[in-house]
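Novice: Protein chains in written order, with the working numbering: chain Z, 91 to 440; chain V, 91 to 440.
Beta carbons are placed, not taken as given, at the ideal position from N, Cα and C, and that holds for glycine.
2 protein chains.
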Amino acid sequence: MPINTADNKDKSSRDQRHQASGSTLIDVAKVAGVSPITVSRALNRPEVVSDQTLEKVRRAVAEVGYIPNMLAGGLASKQSKLVAVFVPTIAHSLFSDMVQALMDQLGEAGYQSILGITGYSVEKEESLLGAILGRRPDAIVLTGTEHSALTRQRLASSGIPVVEAWDLCDDPIDILVGFSHRAVGKAVASHLLEKGYRRFAVVSVSDARAVKRNEALVNELNAQGVTDVRQVTFPAPATLKEGREGLSQLWSQEARPEVIVCSSDTIAQGVLAEAAARGLKIPEDIAVMGFGDMSSAAQLYPALSSVRLDGARVGALIASALLQRLQNRDDDRTPVRIDTGFELIDRVSA
Amino acid sequence: MPINTADNKDKSSRDQRHQASGSTLIDVAKVAGVSPITVSRALNRPEVVSDQTLEKVRRAVAEVGYIPNMLAGGLASKQSKLVAVFVPTIAHSLFSDMVQALMDQLGEAGYQSILGITGYSVEKEESLLGAILGRRPDAIVLTGTEHSALTRQRLASSGIPVVEAWDLCDDPIDILVGFSHRAVGKAVASHLLEKGYRRFAVVSVSDARAVKRNEALVNELNAQGVTDVRQVTFPAPATLKEGREGLSQLWSQEARPEVIVCSSDTIAQGVLAEAAARGLKIPEDIAVMGFGDMSSAAQLYPALSSVRLDGARVGALIASALLQRLQNRDDDRTPVRIDTGFELIDRVSA
DNA sequence: ATAACTTATGGTTGCGCAATCATCTGTATG
DNA sequence: CATACAGATGATTGCGCAACCATAAGTTAT
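1) Based on DSSP bridge pairs, tell me the residues matched to Gln202(Z).
2) Name the two residues that bound the continuous beta strand (DSSP E) containing Met379(V).
3) Using a beta-carbon distance cut-off of less than 7 Å, what residues from the segment 143-167 of chain V approach chain Z?
4) Whose CA, out of Val378(Z), Asp375(Z), Leu394(Z), Ile376(Z), lies closest to the CA of Met384(Z)?
5) Suppose contacts are defined by Cβ-Cβ distances below 8 Å. Is Ala162(Z) in contact with Leu165(V) by that definition?
6) Looking only at its chain, what residues have a beta carbon closer than 7 Å to the beta carbon of Val308(V), apart from the 5 residues adjacent to it on each side?
7) Check whether the Cβ atoms of Gly382(Z) and Asp355(Z) sit closer than 8 Å, and answer yes or no.
8) Spell out the partners DSSP gives Leu232(Z) in its beta bridges.
9) Check Val319(Z) in the structure and name its three-state DSSP category.
10) Look at the alpha carbon of Arg225(Z) and the alpha carbon of Leu413(V), and state the distance between them as a whole number of angstroms.
11) Would you mind sorting Pro425(V) into buried or exposed? The rule is 16 or more other CB atoms within 10 Å of its CB.
12) Would you verify that the beta carbon of Leu192(V) is, or is not, closer than 8 Å to some beta carbon of chain Z?
13) Mind checking Lys276(V): buried by the 16 CB within 10 Å criterion, or exposed?
14) Give, in chain order, every residue of the segment 322-342 of chain V whose Cβ lies closer than 9 Å to some Cβ of chain Z.
15) How would you label Gln389(V), buried or exposed, when you count the other beta carbons within 10 angstroms and need 16 or more for buried?
16) Using the three-state DSSP reduction, which class does Ala406(V) fall into: helix, strand or coil?
17) Pull up the distance between the alpha-carbon of Arg334(Z) and that of Ala119(V), whole angstroms please.
18) Where does Asp261(V) land, buried or exposed, given buried means 16+ other C-beta within 10 angstroms?
19) Contact criterion: CB-CB distance below 8 Å. Does Arg226(Z) meet it with respect to chain V?
20) Do Asp228(Z) and Leu416(Z) have their CB atoms nearer than 8 Å?
21) CA-CA distance, Lys214(V) and Val295(Z)?
22) With a 10 Å radius around its C-beta and 16 neighbouring C-beta atoms as the bar for buried, classify Asp436(Z) as buried or exposed.
23) Measure the Cβ-Cβ separation of Ile265(Z) and Ala411(Z) and say whether it is below 8 Å.
24) Relative to the alpha-carbon of Tyr156(V), which residue among Gly220(V), Glu344(V), His281(V), Val121(V) has its alpha-carbon at the smallest distance?
25) Check whether chain Z comes within 8 Å of Ser396(V), counting only Cβ atoms and requiring the distance to be less than that.
26) Can you give me the Cβ contacts of Leu407(V) inside the same chain, cut-off strictly under 8 Å, excluding the 5 residues immediately before and after it?
27) Span of the beta strand (DSSP E) holding Gly164(Z)?
28) Determine the DSSP secondary structure at Arg107(V), reduced to helix, strand or coil.
29) Closer than 8 Å by beta-carbon distance: list the chain Z residues that pair up with Ile207(V), in chain order.
30) Quick one: what's Leu370(Z) bridged to in DSSP?
31) Does any C-beta atom of chain V lie closer than 8 Å to the C-beta of Tyr287(Z)?
32) Could you check if Ile127(Z) is buried or exposed, using at least 16 other CB atoms within 10 Å of its CB as the buried criterion?
33) Which of the three DSSP states, helix, strand or coil, is assigned to Ser140(V)?
34) Classify Ile204(Z): buried if its beta carbon has 16 or more other beta carbons within 10 angstroms, exposed otherwise.
35) Check whether the Cβ of Gly360(V) lies closer than 8 Å to any Cβ atom in chain Z.
36) Kindly indicate which three-state DSSP category Lys99(Z) falls into: helix, strand or coil?
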């Protein structure tokens, strides 16, 4: 039993700022009858310690309820076992799926994650990064490829692995895991043209990657002789409301579109709801194309055509790339650039 | 041997495994022409340093690009400025809203958050807690009031503030911020009875709090003479699919219900989708009651009746309660128990 | 039998910082 | 004019751990 611990707690809780969970390597070492450093090894590199000693240490750890102090360990070893992850929001399934998968896989390798929610703002990203770098994370995951100058400078001088996710570009900071938003825009345009649509509209939020997709979409449409693409844009984040509002705006004008391309499934869902409210038939009166293929897209009625992206897979790919980099302590600067691709999903709505 | 130490440092900076982001308080102090401890004070308690010195230090910090090492700071001060937050998932808006609000407010006070995603499992909660306690968080936020024995023991011996959120109970570990799920169940029953419904069904996931609501609902219905409440239950987490499947199962039986009470808006949305697919009229053929009032509930077609809970508000309340506890360094053990309440939202669907 | 290893363990040191106590200056108090 | 006191700064120490080097005991090769 943790007689010592219980004892300490009772008494120390009154006197000083001694944290209650105060058992240290030394306490464990005393109980186990070995030196502190042997305890450290037993916990961190059990393969170099004899089975017999290992067993003694394990028992002692359980007895005193020892929990290693990672602040001290990190300070001494210069390894925090922390990964900083920056996303615009966790309210969208792509990002929350990615975060969950990433945290899961990193967790299995003994890394914990600290989340920074940037709200689609590079300024917020910059200030969060400043705070989080103080924890000396072992790696950093960012969303997108647009960052402030100070952010870039700090990342460079921190000297740790950096992942940019959800986009591709020509001059990544380090590791890149994403897909081409321009390719998505172009593919959506071709696909819908092929299905015979000619009057297009876009309902979108104004985040950087959505803008890229829209530009590519419009370019391709123009190239195929379709001009006059109406665009309704809202500030991020996207909710159903933007979708309903978007369709309302478009429907109040003459020259109504045949198909609406949405910057996310959430917006598309809003468009579907507004269409239902107006008694419009999908896709006869209005066709709708989403983006993201969130799990509910197939379950909506009518089922939503979309662009499939697998957030969890992106998270897993990031985790593997990072772990490989982190475990090759020798400077393995092999450039990593992963195109996660996308897939057009043709359902009822478009 | 203070001189030696300083000396060593000068020389070791070239020969050893010095991290790239290697500027320290001492470097800043040299540039500023003050002692290291003055730099520390300038950063942490600027009010005790003269304006002139403050300015010198600020310039020096900028010049060397100094970022304080919180591992070292935490080790020395026994304050990590970290809060651990455990939620079942971030894929549901209640939790993601709470997390975002909580992180925001704590961030403003200089605290960062580390997230643990438990997947509705007390075992996962236990193992995550073990790992995260190593970071010596200054506080811990948990979801629900059910925890393993080891979890409880570790929380007690850690001696830090603990918040249990999203539920109420009679023997909280420490701070409690939530609402009564039984009260919700009862209120929903009364409300729907009052609207004249008599044939009830429940589509639910099996998490602890949903089970509580269902029990209370059924109890109240029984008390009012309504028996034979059909329940369809799925394992968490909830998606639209469970809702569609739930309605399908209920519709395949004789004695179809008039109203379906769902354990979340997501499930309710699935029920609505399946109803639309089957051409059922809402609420004439089947009425639907959600839970959570996520932002899209009002935007759905038909608009979803639900139980409003404000995740962001819960997060904010937790943050205030915690910050107050954290800032009163003297053992302020005032019990905190906040009932966040809920509100029935009557829309079209039920 | 000696050298050359290998395996298991311990001693010492310093990571970067804040707590604590000490010092020094200048100003108010009687 | 001496004492007290507040304001500003510095010196020393140790937080808990892992890196590094040293040592002791056993093993194999020659």
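Specialist: This is what the structure gives:
1) For Gln202(Z), the beta-bridge partners assigned by DSSP are Leu172(Z).
2) Where Met379(V) is concerned, the enclosing beta strand (DSSP E) stretches over 377-379.
3) Cβ contacts with chain Z: Gly155, Ile157, Pro158, Asn159, Met160, Leu161, Ala162, Gly164, Leu165.
4) When only C-alpha atoms are compared, the closest one is Leu394(Z).
5) Contact flag set, yes.
6) Result list for Val308(V): Val319, in chain order.
7) It is a contact, given that the beta carbons lie within the stated cut-off.
8) Under the DSSP definition of a beta bridge, Leu232(Z) partners with Glu254(Z).
9) Three-state DSSP puts Val319(Z) in coil, outside helix and strand.
10) Spanning the two alpha carbons is a distance of roughly 21 Å.
11) Exposed: under 16 other Cβ atoms inside 10 Å.
12) Not closer than 8 Å to any Cβ of chain Z, the Cβ of Leu192(V) fails to qualify, so no.
13) Lys276(V) should be labelled buried.
14) Under the 9 Å Cβ criterion, the segment 322-342 of chain V contributes Thr329, Leu330, Lys331, Gly333, Arg334.
15) Buried.
16) It is helical.
17) Arg334(Z) and Ala119(V) have their alpha carbons spaced roughly 58 Å apart.
18) Exposed is the call here.
19) Residue contact check for Arg226(Z) against chain V: a CB pair falls below 8 Å.
20) Against a cut-off of 8 Å, the Cβ pair of Leu416(Z) and Asp228(Z) comes out as a contact.
21) Near 37 Å, if we compare the C-alpha coordinates of Val295(Z) and Lys214(V).
22) The residue is exposed, with fewer than 16 neighbouring Cβ atoms inside 10 Å.
23) In this structure, Ile265(Z) lies near Ala411(Z), with their beta-carbon atoms less than 8 Å apart.
24) Closest option to Tyr156(V), Cα to Cα, is Val121(V).
25) No - not a single Cβ of chain Z is within 8 Å of the one on Ser396(V).
26) Val267, Ile428, Thr430, listed in sequence order.
27) Where Gly164(Z) is concerned, there is no enclosing beta strand (DSSP E), although the alpha helix (DSSP H) around it starts and stops at 160-167.
28) Note that Arg107(V) scores 36 on pLDDT, short of 50, meaning its location in the model is unreliable and no value can be drawn from it.
29) The answer, in chain order, is Gln190, Met193, Asp194.
30) For Leu370(Z), which the question treats as bridged, DSSP gives no partner whatsoever.
31) No, Tyr287(Z) does not count as interfacial toward chain V.
32) Per the 10 Å Cβ criterion, exposed.
33) In this structure, Ser140(V) counts as coil in the three-state DSSP scheme.
34) Ile204(Z) sits buried, since 16 or more C-beta atoms from the chains shown fall within 10 Å of its C-beta.
35) So, interface residue.
36) Here the model assigns Lys99(Z) a pLDDT of 33, short of 50, so the residue's position is not dependable, and the following value carries that caveat. Helix, per DSSP.
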